[in-house]
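> Before we start, here is the structure in question, set down as structure tokens.
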Amino acid sequence: MNNIDNQKNQEDLQHYHKRIPYPGQRWLVEERDACGVGFIASGQGIASHKLIEQALVALGCLEHRGGCSADQDSGDGAGLLTAIPWKLLQKWLTEQGIDQPPTEQLGVGMVFLPQDETLVSQGKSIVEEVLAQEGLKVLGWRVVPVRSEILGIQAKANQPHIEQLIVASEGE
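Here the numbering used here runs 26 ahead of the position in the sequence shown, where the first position is 1.
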């Protein structure tokens, strides 16, 4: 996009706001992110730890694309999307005394919950109720280990309670 197109888009946005006022916070509409995305995969479809190492290097190269909060120590979040680590989850399921169905019948959800323990319990109940309505069986909730000590002040203050939800389908 060139400067003329960008200027035209800004003028169109201003014109739109004059015609139809936005009922909420203006910054939600006009927010600009500096997101960066990388993609690393094996052409043969083979999982390997080397891919993770390469992805971590790529993530480090995107630091300039991430937002930095006023405390100069809190980022806007970054991570890697990988295949489900079934060996790790099999170990956890065994430790919990849960019989594991075939992986084709399993699903894992990352659930971001409030910090307040009462609200965590309420949130989990709501999620479980909806999943039951959809015919999914909750096998368990796994607390995700985190290293809060490396977070910036603002990130730590707003850090959610994170759990993995392991569910199973009833059939094929």
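In this text, a Cβ means the ideal position worked out from N, Cα and C, and glycines have one as well.
It should be emphasised that the depicted structure is a prediction, and the values quoted were computed from it without experimental measurement.
Along the alpha helix (DSSP H) that carries S147, what are the first and last residues, could you check?
Residues E143 to Q159.
> Taking DSSP as the reference, what is the three-state secondary structure of L191?
L191 falls in the strand class under three-state DSSP.
> Assuming G166 contacts I110 (C-beta within less than 8 Å), just tell me the rounded distance between them.
With a Cβ gap of about 15 Å, G166 and I110 do not count as contacting.
> Got a sec, what are the start and stop residues for the beta strand (DSSP E) V137 sits in?
Element bounds for V137: L132 to L139.
> Determine the closest residue to I179 out of G86, G101 and T120, with distance taken between C-alpha atoms.
With distances taken between Cα atoms, I179 lies closest to G101.
> Can you list, in chain order, the residues of its chain whose CB lies under 7 Å from that of I66, leaving out five sequence neighbours each side?
Correct list, in chain order: L77, Q80, A81 and A84.
> Pick helix, strand or coil for G105, following the three-state DSSP scheme.
Three-state DSSP puts G105 in coil, outside helix and strand.
> Is the separation between the beta-carbon of A194 and that of Q98 shorter than 8 Å?
Not a contact, by the Cβ cut-off of 8 Å.
> Between E196 and the rest of its own chain, which residues show a CB-CB distance below 6 Å, the 5 nearest in sequence each way excluded?
The residues are G161.
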